[in-house]
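Student: Submitted below is the structure of interest, expressed as structure tokens.
There are 2 protein chains.
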Amino acid sequence: MTEQLMVKQERAARTRDTLIRSAAEVFDRDGISGASLTAISSRAGVSNGALHFHFASKAALVDVVEEEALTRLLAVTNGALSLGTSRVQLLVDVTHALAEKLRGDVVLRVGFALSGETSRPRRMDLRERWRRWVEETLKQAESAGELRRGAGVQDVVTAVVAATVGFEVLGVRDPAWLSASTVARLWRLLLPTLVPAAHLAGIEAGGPRRP
Amino acid sequence: MTEQLMVKQERAARTRDTLIRSAAEVFDRDGISGASLTAISSRAGVSNGALHFHFASKAALVDVVEEEALTRLLAVTNGALSLGTSRVQLLVDVTHALAEKLRGDVVLRVGFALSGETSRPRRMDLRERWRRWVEETLKQAESAGELRRGAGVQDVVTAVVAATVGFEVLGVRDPAWLSASTVARLWRLLLPTLVPAAHLAGIEAGGPRRP
Chain A
1 MTEQLMVKQE
11 RAARTRDTLI
21 RSAAEVFDRD
31 GISGASLTAI
41 SSRAGVSNGA
51 LHFHFASKAA
61 LVDVVEEEAL
71 TRLLAVTNGA
81 LSLGTSRVQL
91 LVDVTHALAE
101 KLRGDVVLRV
111 GFALSGETSR
121 PRRMDLRERW
131 RRWVEETLKQ
141 AESAGELRRG
151 AGVQDVVTAV
161 VAATVGFEVL
171 GVRDPAWLSA
181 STVARLWRLL
191 LPTLVPAAHL
201 AGIEAGGPRR
211 P
Chain E
1001 MTEQLMVKQE
1011 RAARTRDTLI
1021 RSAAEVFDRD
1031 GISGASLTAI
1041 SSRAGVSNGA
1051 LHFHFASKAA
1061 LVDVVEEEAL
1071 TRLLAVTNGA
1081 LSLGTSRVQL
1091 LVDVTHALAE
1101 KLRGDVVLRV
1111 GFALSGETSR
1121 PRRMDLRERW
1131 RRWVEETLKQ
1141 AESAGELRRG
1151 AGVQDVVTAV
1161 VAATVGFEVL
1171 GVRDPAWLSA
1181 STVARLWRLL
1191 LPTLVPAAHL
1201 AGIEAGGPRR
1211 P
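Residue numbers (the numbering used here), protein chains in the order written: chain A, 1 to 211; chain E, 1001 to 1211.
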């Protein structure tokens, strides 16, 4: 590959990334149906022609934003696999990481909001993907003997998924709902019902320590 | 007032109600920016002229749907004042009533969804009104000595408001999130941390008994 071609491809990839972020910003501000392609291309600082070179339509851009958001969600849930940690601590840490990402990452935020659009394909539904990950992680915690006897796993899945989706939605208007202290508050409340009293001191409701 | 005038006024009031419900249905389906006045009037079975007689613009219709939704939220929170009941039981019962209403009442649902629009006036924000009612009710429960010593009222407000808003949002795609069994699951989980063990048997997590 010639150097010139590589430069060209790199530039195209950068333009594509910029267009995806700009699209998410415009969707976030104007809603999907209110968003115009002209607003997106001008926000990205490219011509309408350049936008159309990368994306055939607004629908194609929505699909790509949703795919990119799903990739980022998977990076959050898979990124914290740190062996040796308890599954309950993993769940606490990942809810903190997700809230932090939702505060700062407009692509992820729009991807979650698209879950509410009944016309979107179910396989991409980020809130449903999140629900499945929470359920899976709590079942692993149960198998590993981390949970209090009588802790209803499905009750906890319901509460954690509903509350985190609530944080996501309320955070649009007031980012305090996505703060570390709000997430810690939820866990301080739930942990005593979830893990045996003897293990409680070993779980950090405030999430991962910053280096 | 002549009988003829009364008939005319009644008919106008009925048309107005039909237009509000039709507007909510179209907003629910197409989003605010995607909704057209023609779709609303044709759904209501009236002419564009009749719509404009009642509402000057789409913005006016959005305002009226939001006001009507707020009235309905207040009917839910104020409707269950039944003296003598514990405040905690009142809170449980009202979350059940709200979930049931959100399942069936498109005006209330759209009103809640408008809370996520940062451009809407804050004083109408239904999710914020709901948060304030939950906080107020839990403070009353605390004053009445109904809460367990050490129960963090703000932790419970955070969890209950976030989870119910989560139910509202997740229920758009899957109404099971607004079912009585889902709401009961949340309360089964929270009640043991909220009320003293001795009082637990007196609280019905499943909400009000149907006659």
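Note that CB positions come from ideal geometry on N, CA and C, so glycine has one too.
Could you compute how far the alpha carbon of E/A1198 sits from the alpha carbon of A/A35?
Tutor: Going by the C-alpha atoms only, they are around 56 Å apart.
Student: What in chain E is Cβ-close to A/L170, meaning under 7 Å?
Tutor: R1127, A1162 and V1165, listed in chain order.
Student: Quick one: which unbroken alpha helix (DSSP H) runs of 4-plus residues sit fully inside the region 45 to 97 of chain A? Chain order, please.
Tutor: Runs found: 48 to 54 and 58 to 79.
Student: Which full runs of the alpha helix (DSSP H) of 4+ residues lie inside the region 1104 to 1174 of chain E, going along the chain?
Tutor: Correct list: 1106 to 1114, 1126 to 1143 and 1153 to 1170.
Student: Is the beta carbon of E/L1194 closer than 9 Å to that of E/V1161?
Tutor: No, they are not a contact pair.
Student: Using only the alpha-carbon positions, how far apart do A/L126 and E/E1003 sit?
Tutor: Approximately 58 Å between the Cα atoms of the pair.
Student: Can you give the Cα-Cα distance for E/V1065 and A/R16, rounded to whole angstroms?
Tutor: Near 40 Å, if we compare the C-alpha coordinates of A/R16 and E/V1065.
Student: Please report whether the beta-carbon of A/A159 lies at a distance below 9 Å from any beta-carbon of chain E.
Tutor: Output row for A/A159: interface = yes.
Student: Could one say the Cβ of A/Q140 lies closer than 9 Å to chain E's Cβ atoms, at least one of them?
Tutor: False, the Cβ-Cβ gap to chain E never drops below 9 Å.
Student: Using the beta-carbon count (16 or more within 10 Å), is E/Q1089 buried or exposed?
Tutor: It is buried - the Cβ of E/Q1089 has at least 16 other Cβ atoms within 10 Å.
Student: With DSSP run on the structure shown, which of helix, strand or coil describes E/G1031?
Tutor: Looking at E/G1031 - three-state DSSP - the assignment turns out to be coil, as it is neither helix nor strand.
Student: Can you pull the chain A neighbours of E/G1116, defined as C-beta to C-beta under 9 Å?
Tutor: In chain order: A113, V169, L170, V172 and R173.
Student: Between the Cα of A/R170 and the Cα atoms of E/R1173, E/D1174, E/T1164 and E/E1068, which residue gives the shortest distance?
Tutor: Looking at the sequence itself, residue 170 of chain A is Leu, so the reference to Arg does not match. For the residues E/R1173, E/D1174, E/T1164 and E/E1068, the minimum Cα distance to A/L170 belongs to E/T1164.
Student: Can you find the residues in the same chain that come closer than 6 Å, C-beta to C-beta, to E/N1048, ignoring five residues on each side of it along the sequence?
Tutor: Cβ neighbours of E/N1048 beyond the five flanking positions: S1041.
Student: If you measure beta-carbon to beta-carbon, which residues of the region 1016 to 1040 of chain E are closer than 8 Å to chain A?
Tutor: Answer in chain order: D1030, G1031, I1032, S1033 and G1034.
Student: Is the CB of E/R1149 under 9 Å away from at least one CB in chain A?
Tutor: False, the Cβ-Cβ gap to chain A never drops below 9 Å.
Student: Using 8 Å as the Cβ pair cut-off and three pairs as the minimum, do the region 1092 to 1105 of chain E and the region 1059 to 1076 of chain E touch?
Tutor: Yes, the region 1092 to 1105 of chain E touches the region 1059 to 1076 of chain E.
Student: Determine whether the Cβ of A/V133 lies closer than 9 Å to any Cβ atom of chain E.
Tutor: Position check: residue 133 of chain A holds Trp in this sequence, whereas Val was assumed. Chain E contact via Cβ: absent.
Student: Identify, in the order they occur along the chain, each residue of the same chain with its Cβ nearer than 6 Å to the Cβ of E/E1168, setting aside the five sequence neighbours on each side.
Tutor: Contacts found: L1102 and F1112.
Student: Using a beta-carbon distance cut-off of less than 8 Å, what residues from the region 176 to 191 of chain A approach chain B?
Tutor: Among the protein chains in the structure shown, which are A and E, there is no chain B.
Student: Do E/E1128 and E/I965 have their beta-carbon atoms positioned less than 9 Å apart in this structure?
Tutor: Within the shown structure, residues of chain E are numbered from 1001 to 1211, placing residue 965 of chain E beyond reach of any answer.
Student: For A/H199, report the span of its alpha helix (DSSP H) as first-last.
Tutor: Taken as a continuous stretch (DSSP letters only), the alpha helix (DSSP H) holding A/H199 covers A197 to L200.
Student: Let me see if you follow: with CB-CB separation under 9 Å, is A/T137 close to chain E or not?
Tutor: Answer no: the Cβ-Cβ gap between A/T137 and chain E never drops below 9 Å.
Student: Return the CA-CA distance between E/A1097 and E/V1172, expressed in angstroms with no decimal places.
Tutor: One C-alpha to the other measures close to 17 Å.
Student: When the Cα atoms are used, what is the spatial distance from E/V1026 to E/A1039?
Tutor: Each residue's alpha carbon lies about 7 Å from the other.
Student: Give the single residue among E/A1144, E/R1109, E/R1087 and E/L1108 whose Cα lies nearest to the Cα of E/G1207.
Tutor: Checking every option, the nearest Cα to that of E/G1207 belongs to E/R1087.
Student: For chain A, find out if any of its Cβ atoms is closer than 9 Å to the Cβ of E/G1152; answer yes or no.
Tutor: Yes, its Cβ sits closer than 9 Å to a Cβ of chain A.
Student: What's the gap between the Cα of A/R149 and the Cα of A/P192?
Tutor: Taking the straight line from one Cα to the other gives about 12 Å.
Student: Within 10 Å of its beta-carbon, does A/G45 have 16 or more other beta-carbons around it, so buried, or fewer, so exposed?
Tutor: With fewer than 16 other Cβ atoms within 10 Å, it is exposed.
Student: Listed from N- to C-terminal order along the chain, which residues in the region 57 to 87 of chain A have their beta-carbon within a distance smaller than 7 Å of any beta-carbon of chain E?
Tutor: Listed by position, the residues of the region 57 to 87 of chain A near chain E (Cβ gap below 7 Å) amount to none.
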